[in-house]
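Peer 1:
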């Protein structure tokens, strides 16, 4: 099993770097080409979410990204924030937030940051069928774990 | 790739043509430009996503924000998005119900068909 680990300063500038590396590792692991856009987007969303958590709590600790290809291509993005999202189904609040946006007619409504957070989770849940948001292994922070099938030939 | 932004006027619409990647790093630049456009009195804005290679939740949040600001001023925000790759992002989040999304600038500025209207036809 091959692994690639990275950690990055919680700065938006590095999210694109992680997306690019993740897509390259996914391709190398044998994830089907037609899934790579989704992999890139989902990993970007998980990192964006982690950066937002760190910024909200003024944490400068790095965000950890670990990728491995044992059986499936598995990615773990771990923040160091209070475990607010752990154990909660990512889709729960998102549907409410989006319903509010849809019903809006120009009133201020939901805060843009809250909205973006909700949209990010909606994307994650919509893109990744194997998604788990759990407390980090060492008890500090939240881990977003995603996996995709490996095997280029499966879709052809 | 950096975000590129260019405006041009088409009849009574101001078209903002975006190129590159819209993500958590570049979205603030887009937000700033859209706010400038609204503050300078533009009412009918068309955002052309035709040359956008990547769009994430931060970008979607900025577009929703612009949509609200324009609606509050009796204006409109129309999107142009010919790529299935990006349309999927709108569909997954349900935001295809919030925006009018057109296949071309021409259709966006003349009130022509949207993807939704086509799909229903």
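Protein chains in written order, with the numbering used here: chain A, 1 to 156; chain B, 1001 to 1121.
Note that the Cβ used here is the ideal one computed from N, Cα and C, for glycine as well.
Whether or not the region 36–53 of chain A and the region 1011–1019 of chain B are in contact is what I'm after, with contact meaning three or more pairs of Cβ atoms, one per stretch, closer than 8 Å; do they touch?
Peer 2: no
Peer 1: Let me see if you follow: with CB-CB separation under 7 Å, is residue 170/A close to chain B or not?
Peer 2: Lying before the first or after the last residue shown, residue 170/A is absent from chain A, which here runs from 1 to 156.
Peer 1: Under 7 Å, CB to CB, which of the residues in the region 117–140 of chain A have a partner in chain B?
Peer 2: 119, 120, 122, 123, 126, 127
Peer 1: Beta-carbon within less than 8 Å of residue 30/A's beta-carbon, same chain only, minus the 5 sequence neighbours each way: which residues are those?
Peer 2: 69, 73, 150, 151, 152
Peer 1: Over the uninterrupted alpha helix (DSSP H) stretch that includes residue 1039/B, give me the two end residues.
Peer 2: 1027–1039
Peer 1: Compare the C-alpha of residue 1098/B against each of 1044/B, 1066/B, 1012/B and name the closest.
Peer 2: 1066/B
Peer 1: For the putative contact between residue 18/A and residue 65/A, defined by C-beta atoms under 8 Å, what is the C-beta separation to the nearest angstrom?
Peer 2: Contact flag correct, Cβ pair sits at about 6 Å.
Peer 1: For residue 7/A, which of 67/A, 34/A, 39/A has the nearest alpha-carbon?
Peer 2: 67/A
Peer 1: What residue range does the beta strand (DSSP E) around residue 1077/B cover?
Peer 2: 1076–1080
Peer 1: Flag this pair as yes or no: are the beta carbons of residue 115/A and residue 42/A separated by less than 7 Å?
Peer 2: no
Peer 1: In the DSSP assignment, find the alpha helix (DSSP H) that holds residue 118/A and state where it starts and stops.
Peer 2: 112–127
Peer 1: Please tell me whether residue 1079/B has its Cβ less than 7 Å away from any Cβ of chain A.
Peer 2: no
Peer 1: In whole angstroms, give me the CA-to-CA distance for residue 1053/B and residue 1104/B.
Peer 2: Going from the Cα of residue 1053/B to the Cα of residue 1104/B covers about 17 Å.
Peer 1: Which residues of chain B have a Cβ atom closer than 9 Å to the Cβ of residue 48/A, listed in chain order?
Peer 2: 1023, 1024, 1056, 1057, 1058
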